[in-house]
Amino acid sequence: MGTLQQIHQWSLTHHPRWLVVLRVALGICLFFKGIFFLVNTATLEELVRGSLVANRTDWLVIFITWSHLLGGFLIIIGLFTRWAAMLNIPILMGAIIFINTQRDAFGDFELPFALIVLLLLIFFLVEGGGPISLDNFFSKHEA
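Position one of the sequence shown corresponds to residue -17 (this note's numbering), numbered consecutively onward.
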């Protein structure tokens, strides 16, 4: 049995049900942040333009917005949970760096929120979707 299979098996046997609620809440937060970025594209463009990666603002704004939307949705339903977390971790790491350099970009609550979301993404990268997820359903019902 490979290391990933051992981690997956351990996570299924040691996964309390309240973690499902936490996973869904994380997905909802990411999804609504994606909606916020979709509505406030100009604000996100200004934030990215003022950062170190100012050369590629067009595709980066689209990538950040849709990663949050798609990743949040996938985390909510528990499908490809680890992949969705892995997709959003670099974005949150970049957000923490950019928020530290531009303190008043979105408000005072943004930095602690980004830190909590980053820690939860790392946690669910390791933990996976858990027993109440589409990942688990499809692994049990393979053809």
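Cβ atoms here follow ideal geometry from the backbone N, Cα and C, with glycine treated the same way.
1) For His50, does the count of other Cβ atoms within 10 angstroms reach 16, so buried, or fall short, so exposed?
2) Kindly indicate the opening and closing residues of the alpha helix (DSSP H) around Gly16.
3) Excluding five sequence neighbours on each side, which residues of the same chain lie with their C-beta closer than 6 angstroms to the C-beta of Arg31?
4) Hey, quick one: how far does the alpha helix (DSSP H) through Ser121 stretch, first residue to last?
5) Does the distance from the CB of Phe13 to the CB of Phe55 come in under 8 angstroms?
6) Which same chain residues end up closer than 6 angstroms to Ile114 when comparing Cβ atoms and leaving out the 5 residues on each side of it in sequence?
7) Measuring CA to CA, which of Thr(-5), Leu8, Gln(-12) is closest to Leu101?
In short, the structure shows the following:
1) buried
2) 0 to 21
3) Thr39
4) 116 to 122
5) yes
6) Val2
7) Leu8
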